[in-house]
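Read the structure below first, then the notes.
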Amino acid sequence: MICFVKSRGGVELVAKMVKDKLDPDLADKVIPYRAGYTPQQRRELEGRLMRGETQAVITTNALELGIDIGELDAAVCVEFPGTVASLRQMWGRAGRRGRGLAVYVAGEDGLDQFFCRHPDEFLDRPVEAAILDHTSEEIHHAHLVCAAHEGPLDPRTDVEVLGPDLVAHCEQLVAQGTLVQRRGQYVLRAPEDFPAGRVSLRSSSTDQFAVVDVRSGEMLGTVEGGRAYKTLHDGSIYLHQARSYEVRELDLRARHALVEPFHGDWYTQAKQETMTHIEKLLDRRDVLGVTLSFGIVSVTDQVLAYQRKKLQSHEVIDLHTLDLPPTTFTTQALWYELGPEVLGVGPGQLTTSPEALPLDLLLGSLHAAEHAQIAVLPLLAMCDRWDIGGLSTNAHPQTGGPTIFIYDGHPGGIGITRQGFARFEQLTRDAQRLIGECPCEHGCPSCVQSPKCGNLNDHLHKAGALHLLRAMLAQGAPAAAQPGGGPASS
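Numbering-wise (this note's numbering), the sequence shown opens with residue 146 and increments by one.
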């Protein structure tokens, strides 16, 4: 059988739990498989799969397609993978030469619980249209450098294929020291370089941290730079092939983390602070009583601390502070500013005067509404919740008031929030429905709590978020779009 889990850490955790409950002989026939292993480790695991030496494999979408893993009797999908296309591909791994069993294990995440309450919407959903943003600068530049390795880029002949802004992009790469101009053409500054070897098929980022076992000197795997600060900080627990390791040191200069075997009964969760800066306004419209914008933002994250939690009960043991530098990337985002018409509706303390709104209630309401909209955005865009980030604030320095940001979690953006901007009314309706149908009183993982919240789900107000969303929907039909274009300023 094959079991699909959404995250790398989830794969290792499920594999460890399964192995711990089985006899040693049978436990050895259960293997985890995910991105981040070394090529030698992957070849060894793939060989065991093809030779039929395993009874079960626990994996991310790394085995969703592309690798022949033989005959399987059952395919289990733990949590909705983000798209119907992925779900059908995962389920299709079983029963290819006979009868097979397909199982969906819903998680406590809001989208999973939404489908549990509406199984018809889950089973009858059509396959989504893929999001393709060919204007992503990060991805475009990587392709241009690879093309320049194969031959000189000539604006006179290549503009038809590589786009009308070819010269502008090439000049940026010249300024970065990657390309040089010779006789009207652009070539690699280092002809012996092989840029395709640095282009990841899974991410737009090429930054990687190596994970090294200090006792054996073995490199266990790699972690993307954007994830390393949250998953490889000093004191964090790192799971690899169903074994636990504790990070002794994260060396930012050498780009590696030193780990050693760990036998404790806790795991770690990072706490981070996020800030956004609006770089460029691309579009804006008034809708549902808010000012909705779409554009380019820079996102700055800083991991401030981490919690230790008990493995079985998830009870918080303690909180440890960290001293890590901030990281910044530029991406696409939608954001909306809430005015008095929306803020004037709410439970008890909410009045028609925004100044009278208690700060903790305002922050908690905005924060919970942000989580709910992020949770349901995959219903509209072909993405996973982990591809999206958010920020809510009672007073953003550039907008001057209460604002919610939802941004693409990949440098340069990949078009996710552009879909959210275009279908914002539906996004708001789905978020209101998600919260309103949840039977909990104060908020839970099925409605407003997020598994990826940098604030560890502090300051969430379910009732306030529900009133804000209902107030927005009560404002009526959207007005016509008003294209922007200039830089946004505070």
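All residues carry an ideal CB built from backbone N, CA and C; glycine is no exception.
Use the C-beta contact count for residue i: other C-beta atoms within 10 angstroms, 16 or more gives buried, fewer gives exposed.
{"i": "Gly440", "result": "buried"}
{"i": "Pro590", "result": "buried"}
{"i": "Pro492", "result": "Unreliable positioning characterises Pro492 in this predicted model, as indicated by a pLDDT of 46, which lies under 50. The coordinate reading is nonetheless provided below. Flag for Pro492 reads exposed."}
{"i": "Gly166", "result": "Note that residue 166 corresponds to Lys in the displayed sequence, not to Gly. The residue in question, Lys166, is exposed, as its Cβ has fewer than 16 Cβ neighbours within 10 Å."}
{"i": "Thr476", "result": "buried"}
{"i": "Asp505", "result": "exposed"}
{"i": "Ala478", "result": "buried"}
{"i": "Pro226", "result": "buried"}
{"i": "Gln417", "result": "buried"}
{"i": "Arg242", "result": "exposed"}
{"i": "Asp269", "result": "exposed"}
{"i": "Ala513", "result": "buried"}
{"i": "Ala180", "result": "buried"}
{"i": "Ala320", "result": "exposed"}
{"i": "Leu171", "result": "exposed"}
{"i": "Ser381", "result": "buried"}
{"i": "Phe339", "result": "exposed"}
{"i": "Met162", "result": "exposed"}
{"i": "Met113", "result": "The shown model of the chain, from 146 to 635, leaves out residue 113, and the question about it has no answer."}
{"i": "Gln571", "result": "exposed"}
{"i": "Glu500", "result": "Only weak support is given to the placement of Glu500: the predicted model assigns it a pLDDT of 43, under 50, and the question is left unresolved by the model."}
{"i": "Thr497", "result": "With a pLDDT of only 42 at Thr497, under 50, the local geometry of the prediction cannot be trusted, and no value is derived from it."}
{"i": "Ala622", "result": "Residue placement at Ala622 is flagged as unreliable, the pLDDT there being 48, under the threshold of 50; a coordinate-derived value is accordingly withheld."}
{"i": "Leu464", "result": "exposed"}
{"i": "Cys585", "result": "exposed"}
Looking only at DSSP bridge pairs, what is residue i linked to?
{"i": "Thr466", "result": "Ala450"}
{"i": "Gln353", "result": "Glu369"}
{"i": "Met420", "result": "Thr445"}
{"i": "Tyr481", "result": "Leu437, Ile549"}
{"i": "Val461", "result": "Lys454"}
{"i": "Ile203", "result": "Cys148, Pro177"}
{"i": "Tyr390", "result": "Tyr383, Pro406"}
{"i": "Phe474", "result": "Val444"}
{"i": "Val432", "result": "Val435"}
{"i": "His401", "result": "Ala355, Asp396"}
{"i": "Leu426", "result": "Gly440"}
So the beta strand (DSSP E) residue i belongs to, where does it begin and stop?
{"i": "Asp410", "result": "Taken as a continuous stretch (DSSP letters only), Asp410 belongs to no beta strand (DSSP E), as it is neither H nor E."}
{"i": "Val223", "result": "219 to 223"}
{"i": "Gly366", "result": "364 to 369"}
{"i": "Val250", "result": "246 to 250"}
{"i": "Val325", "result": "324 to 327"}
{"i": "Ile551", "result": "548 to 553"}
{"i": "His606", "result": "No beta strand (DSSP E) holds His606; DSSP gives it neither H nor E."}
{"i": "Leu208", "result": "It is not in any beta strand (DSSP E) - Leu208 carries neither H nor E in the DSSP assignment."}
{"i": "Gln330", "result": "330 to 333"}
When you compare only the Cα positions, how much space is there between residue i and residue j?
{"i": "Lys164", "j": "Asp173", "result": "8 Å"}
{"i": "Pro309", "j": "Val368", "result": "36 Å"}
{"i": "Val202", "j": "Tyr178", "result": "7 Å"}
{"i": "Glu216", "j": "Leu158", "result": "25 Å"}
{"i": "Pro547", "j": "Arg328", "result": "53 Å"}
{"i": "Tyr374", "j": "Glu391", "result": "14 Å"}
{"i": "Leu449", "j": "Gln386", "result": "28 Å"}
{"i": "Gln564", "j": "Leu525", "result": "7 Å"}
{"i": "Leu611", "j": "Ile580", "result": "6 Å"}
{"i": "Leu318", "j": "Leu324", "result": "6 Å"}
{"i": "Arg453", "j": "Glu295", "result": "50 Å"}
{"i": "Gly155", "j": "Ala287", "result": "30 Å"}
{"i": "Ala402", "j": "Val306", "result": "42 Å"}
{"i": "Gly509", "j": "Val223", "result": "30 Å"}
{"i": "Ile284", "j": "Leu618", "result": "37 Å"}
{"i": "Arg578", "j": "Pro297", "result": "54 Å"}
{"i": "Ala230", "j": "Phe260", "result": "16 Å"}
{"i": "Asn539", "j": "Leu511", "result": "8 Å"}
{"i": "Ala220", "j": "Val175", "result": "14 Å"}
{"i": "Arg334", "j": "Asp254", "result": "48 Å"}
{"i": "Glu405", "j": "Pro470", "result": "24 Å"}
{"i": "Ile549", "j": "Gly197", "result": "51 Å"}
What first and last residue would you give for the alpha helix (DSSP H) that runs through residue i?
{"i": "Gly534", "result": "Gly534 -> not in any alpha helix (DSSP H); beta strand (DSSP E) instead, spanning 533 to 538."}
{"i": "Pro184", "result": "184 to 195"}
{"i": "Pro300", "result": "300 to 307"}
{"i": "Asp170", "result": "169 to 172"}
{"i": "Asp265", "result": "264 to 268"}
{"i": "Leu525", "result": "No alpha helix (DSSP H) holds Leu525; DSSP gives it neither H nor E."}
{"i": "Gln317", "result": "311 to 320"}
{"i": "Arg578", "result": "569 to 582"}
{"i": "Asp165", "result": "153 to 166"}
{"i": "Glu283", "result": "282 to 295"}
{"i": "Ala230", "result": "229 to 236"}
Is residue i near the ligand ATP, judged by its Cβ being under 6 Å from some heavy atom?
{"i": "Arg262", "result": "Here there are no bound small molecules, and the ligand ATP is not part of this structure."}
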